[in-house]
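Participant:
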């Protein structure tokens with residue numbers, strides 16, 4: 014989690030084996046598991062105890078942090094697909110070209 018990058022880490026899930034430095038979200042608040050008290054992190058919901066030594070509040074977040082899918086290219090399929098024709102009943106997975114795109 015980087016506070017300068019939009020998005021939230023994964024939501025806290027009780028029982029998950031969190032370790033020191035792991036970051037989780039509870040709603041839109043990010044918490045970091047303390048290395049010194051990491052044995053407590055899997056069993057203490059961040060933010061529930063006022064003097065919690067297991068979790069430290071890092072700050073707010075919005076949205077999700079997740080990888081984007083990369084475009085795929087099939088080197089065994091030469092050239093471009095057929096040109097798009099309006100009114101043609103295309104199905105899922107069909108490929109068409111529009112000009113040189």
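Residue numbers (our numbering): 14 to 114. C-beta: ideal position from N, C-alpha, C; glycine also. For clarity, every value in this text was computed on a predicted model and none was experimentally measured.
1. Please identify the residue among 101, 104, 95 and 102 whose C-alpha is closest to the C-alpha of residue 110.
2. Is it true that the CB of residue 46 sits closer than 9 Å to the CB of residue 37?
3. Rank 64, 62 and 53 by C-alpha distance to the C-alpha of residue 28 and give the top, closest one.
4. Taking the DSSP output, what are the residues bridged to residue 46?
5. Using the rule of at least 16 other Cβ atoms within 10 Å of the residue's Cβ for burial, across every protein chain shown, is residue 67 buried or exposed?
6. The beta strand (DSSP E) that contains residue 37, what's its start and end?
Facilitator: Reading it off the structure:
1. Locating residue 110 in the chain shown gives position 97, counting from the first residue. For residue 110, the nearest C-alpha among the options comes from 95.
2. Translated into positions along the chain shown, residue 37 becomes position 24. Translated into positions along the chain shown, residue 46 becomes position 33. Contact flag set, yes.
3. Here residue 28 is taken as the residue at index 15 of the chain shown, counted from 1. It is 53.
4. The residue you call residue 46 lines up with position 33 of the chain shown. In the DSSP output, where bridge partners are listed per residue, residue 46 has 68.
5. Translated into positions along the chain shown, residue 67 becomes position 54. It is buried - the Cβ of residue 67 has at least 16 other Cβ atoms within 10 Å.
6. Taking the chain shown and counting its residues from 1, one reaches residue 37 at position 24. Per DSSP, residue 37 belongs to the beta strand (DSSP E) from 36-39.
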